[in-house]
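Structure, as structure tokens:
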Amino acid sequence: MLADVPHEPIVCEADARTLECLFVSGEIRELLGYAPEEWLHRPLFDASPSADRARLVDACRAVLADGRRRVVEHEVIAADRRPVKFRSELHVIEHDGVRMLLGVLHEAGGPLARERRRLFAEAERVAGFGVWYWDIVDNHVVWTENLFRLFGVDPQGFDATFEGYLACVHPDDRAAVRAHIGRAIAERKGFHFDHRVITPEGVRYLSCHGDVIKEPHAHMIGISQDITARRIQEEAVEQAYSLLQATLEASADGFLVMDRDKQISLFNRPFLELWKVPPSLSVQHDHPALLNHVLEQVADRDAFLALAEQLYEHPDEPSFDVVELRDGRVIERVSRPQRLGDQVVGRVWCFRDVTPRVQAVAERQWALMVEQKAREAAERQHRISQFLANASALLASLDYETALGAVARLIVPALANWCAIDLFGEDGDTRRFASTDETLPAGLVQELASVTARARPLECDPLAHPEALRRVRELGMKSYLAVPMVVPGRKLGALTLVSTAEGRTYGPEDLRLAKNLAERAALAVENARLYLATQDALRVRDEFLSIASHELNTPLTSLLLGVQTMRALAHEKDQLSVEVCDRMLGRAERQVKHLRALVGQLLDVTRVDAHTLTLEPTTFDLSALVRDVADRFREQAERIGTTITIAPSPPLEGSWDKLRVEELVSILLSNAVKYGAGRPVEVTLEPRDGRVSIRVVDHGIGIAPDQMGRLFQRFQRGVSSRHYGGLGLGLYLSREIARQMGGEVTVEDVAGGGASFSIDLPRGEAS
Amino acid sequence: MRTLLIVDDDEDIVDTVRMVLSRRGWQVEAAPDGAVGLERLRGGLHPEVVLLDLMMPGINGWQFCEELRREPALSQIPVVVISGAGDVGEKARSIGAVGHLRKPFELSELYEAVESATSAGSEARS
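Protein chains in written order, with the numbering used here: chain C, 93 to 859; chain Z, 30 to 155.
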């Protein structure tokens, strides 16, 4: 019988009386999922729905009653709660005298349906979903095997009701699931929701899709799909996005992402703050307006856009540039292509406000520049100090003329290409110490020397004449500087500098240096002159002391010897005759008078210095006085062959200090006889315009030209002190006395040799 | 009689020296300056001592001594320098004089200087 069965049936044998299963074939495992031993001693149709069970029982009893085969179509609920349709044949059999019921259950659809079911179950497994069915009226839930696997539930222990299903849902999702189901039933339309389940392997995410079927029997069907992997990825993406958002918002840089169509994909809050985008503009999603707002702030809008356009042409290229904004801020703009796989889908722009850094760099550069300038100034000052120190070292020499020449050479080329140090002489001459850079054109040197020599520098501007200025400029002069060399009360000279170097124009600093140098030079010259003058004065003083000592001691010697001799002779009988006494005492008298005259000169010098020289004018005949004085010198003159001639003159009455006039005439006559070399001396008197002139002319040794200027100074002698006697005070006193009387004493050379001294006095009213 | 040459431009000193030394047996010859003095010496005058004033017109005392030292025949003549300078001793030594008199000097100093010079001259000749 079974061999003729075209399909694999489930064969079962049941007790005819109790209808309990005595045997079930192994196919029950394949078709329904039960093990054969699970059916032993169970009612045969225990697994069928209640509606089928009564018919099946009736059919079995009918078969048992008349022994005829019956065929019944019914369902059996599989182990996975899946209803399976069968077409069952019921037979009565006897075995060993025992009547049994034989059932052969053929699955509706047969092996094809099984194959389909197998394929469906495989599809479920591969796609990760399971099918469910819920009889809303009977509250009976049927799941496919894969659904049990998705829920991680053992089918045997499953409560096949809605509550049983709900109990498998994650506790935190049950309320939401219930709400979704309730709403679907109420609205009688499809639904979708996601929920979690807790499986032995962990939490699983399921996506539930279903629909409500009203007819013929209210039920709900649907699938639940495992979306755990997708949800994990979604959560990962969400987390990554959240991290990206947080990172972008936490960054101090402004980010802007734009796609290939120049549309904004994303920007962060710092971007809005950096570009001062008002809230109204940022929420409007008006991207052109937002971009225009950015462009309005850029100083060079065209350059800003040009780079962006260039990068759209070259989407793979990164970029970096610095943008200056109109409000003074400076922004670094960096961009990188946004890639999705190998494809560039947009560009990420990063904006960073580097204004503080730029300012700090600028400030640092400024500080460095200031420091550099300070260092250069210090080095320049050091060079100047060193230069001045070197110049001062040169100027320390008493040989100031050599020193000035050395200083001029020091100045070139350190300060100038041409330098002249001029010393003004009292006679109007100028001594020049010049130095020239060897690269200077010879023509310029000559022109400069000529131009600046025509007038003393600083007394008038040698370059004031346009022609002179044009010439020296043509020859290469670029800058000119002249400063005076002054000491208190006097201008000693001038320091002149000329530069021919391009760009080397004298300025305030050069002027200060030149003034400093000129001051040092002037001081050095003045000190040297004063020192030399002091040395000269000391020498003259020493010489005077030596002469004075000689002049005073000589008559004293004769006096002392004479007195001692007279005393000695007085003790010898008849040795001290009247003749001897007269001669010796006469000599003594002469020496005393000579001493008196010398002492008188010394005292007069003291009075002149103290301005205590007094005059006592009286009226007398000047001609007569001159003759008297001349008479006193005749004897001395004749001894050396000199004749004194007085030109005839009428009486010259006037008011003068007689002793002083006598002294004046005596001094001149004494000199004329002393230095007359034995030649004649002429004296003339000449009244003129209320004044009177007394001239004494000799034809002797004359006066050397270099002595002329010093002749009337104290302690000066027009001749060697080793050759002629006298204190060297006569002419000095004569001039001082004459000036105090309102007159003057002058000297002239005499042609052919000799000197002519003149006393010029006011006539004075005769009283 | 011993001979002494005084070279000095001061007539009073010359007269006085002549007067006092002649009383001591000296023959006193005089020259008013160095040139005349040299002329007298070259002319055969052989004084035992020369009294020499340093400050004279014409050839002064220094120049006189320089000329004297150049002539071997005259270089041995002892010279006594007369001067009013404070460093007359130093000056005297510098020109090779055997003695000096600082003005104003006394008769006793004159006598002593002349006698010392004479002795020095005798020793030099011997």
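Even for Gly, the Cβ is constructed at its ideal location relative to N, Cα and C.
Predicted, not measured: the structure shown is a model, and the values here were computed from it.
Item: How about Gly63 (chain Z) and Asn89 (chain Z): are their beta carbons less than 9 Å apart?; Value: yes
Item: State the Cα-Cα distance for the pair Val109 (chain Z) and Ala545 (chain C), rounded to the nearest angstrom.; Value: 60 Å
Item: Between the region 134–145 of chain Z and chain C, which residues of the former have a C-beta closer than 8 Å to a C-beta of the latter?; Value: Phe134, Glu135, Leu136 and Leu139
Item: Do we get a CB-CB distance below 9 Å when we pair Gln683 (chain C) with the residues of chain Z?; Value: yes
Item: Quick one: is Gly128 (chain Z) near chain C, going by C-beta distance under 9 Å?; Value: no
Item: Check each candidate in C:Tyr824, C:Trp510, C:Pro576 and C:Asp521 and name the one with the smallest Cα separation from Val537 (chain C).; Value: C:Trp510
Item: Would you kindly check if the distance between the Cβ of Ala495 (chain C) and the Cβ of Ala506 (chain C) is under 9 Å?; Value: no
Item: For a cutoff of 9 Å on Cβ pairs, would you count Gly846 (chain C) as touching chain Z?; Value: no
Item: Under 9 Å, do Thr711 (chain C) and Val773 (chain C) count as touching if we go by C-beta distance?; Value: no
Item: Locate the alpha helix (DSSP H) running through Arg266 (chain C), then write down its first and last residues.; Value: Arg266 to Glu279
Item: Taking the continuous alpha helix (DSSP H) assigned at Gly128 (chain Z), which residues delimit it?; Value: Counting along the chain, Gly128 (chain Z) falls outside any alpha helix (DSSP H), though it belongs to the beta strand (DSSP E) covering Gly128 to Arg131.
Item: Under the assumption that Tyr598 (chain C) contacts Leu573 (chain C) (Cβ atoms under 8 Å), give the Cβ distance between them as a whole number of angstroms.; Value: 4 Å
Item: Would you check if the distance between the CB atom of Leu136 (chain Z) and the CB atom of Leu653 (chain C) is smaller than 9 Å?; Value: yes
Item: Along chain Z, in chain order, which residues have C-beta atoms closer than 9 Å to that of Leu653 (chain C)?; Value: Asp41, Ile42, Thr45, Val46, Met48, Val49, Pro133, Phe134, Glu135, Leu136 and Leu139
Item: Based on DSSP bridge pairs, tell me the residues matched to Val163 (chain C).; Value: C:Glu181
Item: Which residues in chain C have a C-beta closer than 7 Å to the C-beta of Gly194 (chain Z)? List them in chain order.; Value: Given a span of 30 to 155 for chain Z in the structure shown, any question on residue 194 (chain Z) remains unanswerable.
Item: If you draw a straight line from the C-alpha of Ile120 (chain C) to the C-alpha of Trp226 (chain C), how long is it?; Value: 24 Å
Item: First and last residue of the alpha helix (DSSP H) that includes Phe636 (chain C)?; Value: Pro600 to Ala662
Item: Indicate whether Gly115 (chain Z) and Pro133 (chain Z) have their beta-carbon atoms separated by less than 9 Å.; Value: no
Item: Does any CB atom of chain Z fall closer than 9 Å to the CB of Arg814 (chain C)?; Value: Because Arg814 (chain C) carries a pLDDT of 41, less than 50, the predicted location of this residue cannot be relied on, and no value is offered for it.
Item: Just to confirm my understanding: we take Ala640 (chain C), look at its own chain, exclude 5 residues before and 5 after, and list those with CB closer than 7 Å. What are they?; Value: Leu819
Item: Answer yes or no: does any C-beta atom of chain C fall closer than 9 Å to that of Met84 (chain Z)?; Value: yes
Item: Within 10 angstroms of the Cβ of Phe525 (chain C), are there 16 or more other Cβ atoms? Answer buried if so, exposed if not.; Value: buried
Item: Spatial neighbours of Ser812 (chain C) within its chain, please: C-beta separation below 7 Å, excluding the five flanking residues on both sides.; Value: Unreliable placement is indicated for Ser812 (chain C), whose pLDDT of 47 sits below 50; the coordinate value is still reported in the next sentence. Hits under 7 Å: none found.
Item: With distances taken Cα to Cα, identify the nearest neighbour of Tyr257 (chain C) among C:Glu237, C:Ala276, C:Lys281 and C:Trp224.; Value: C:Trp224
Item: Would you verify that the beta carbon of Ala796 (chain C) is, or is not, closer than 9 Å to some beta carbon of chain Z?; Value: no
Item: Check each candidate in C:Pro407, C:Val765, C:Val450 and C:Ser427 and name the one with the smallest Cα separation from Gln435 (chain C).; Value: C:Pro407
Item: Please decide whether Gln799 (chain C) counts as near chain Z, where near means a Cβ-Cβ distance under 9 Å.; Value: no
Item: With C-beta atoms as the reference, is Gly128 (chain Z) less than 9 Å away from Ala149 (chain Z)?; Value: yes
Item: Compare the Cα-Cα distances from Thr706 (chain C) to each of C:Asp696, C:Asp634 and C:Asp713 and report the closest residue.; Value: C:Asp696
Item: Among all the DSSP beta bridges, which residues are the ones paired with Trp226 (chain C)?; Value: C:Val233 and C:Met312
Item: Which value, in whole angstroms, describes the spacing of the CA atoms of Asp251 (chain C) and Val190 (chain C)?; Value: 39 Å
Item: Secondary structure at Val499 (chain C), three-state DSSP: helix, strand or coil?; Value: helix
Item: On a CA-only basis, which of C:Cys300, C:Ala143 and C:Glu181 is nearest Ser316 (chain C)? Give me that one, please.; Value: C:Cys300
Item: Sorted by chain position, which residues of the same chain lie with C-beta nearer than 6 Å to Arg837 (chain C)'s C-beta, five sequence neighbours on each side aside?; Value: In the sequence under discussion, the amino acid at residue 837 (chain C) is Val, which differs from the Arg named in the question. Answer for Val837 (chain C): Ser826, Arg827, Ala830 and Ile851, listed in chain order.
Item: How is Arg122 (chain Z) classed by DSSP in three states: helix, strand or coil?; Value: helix
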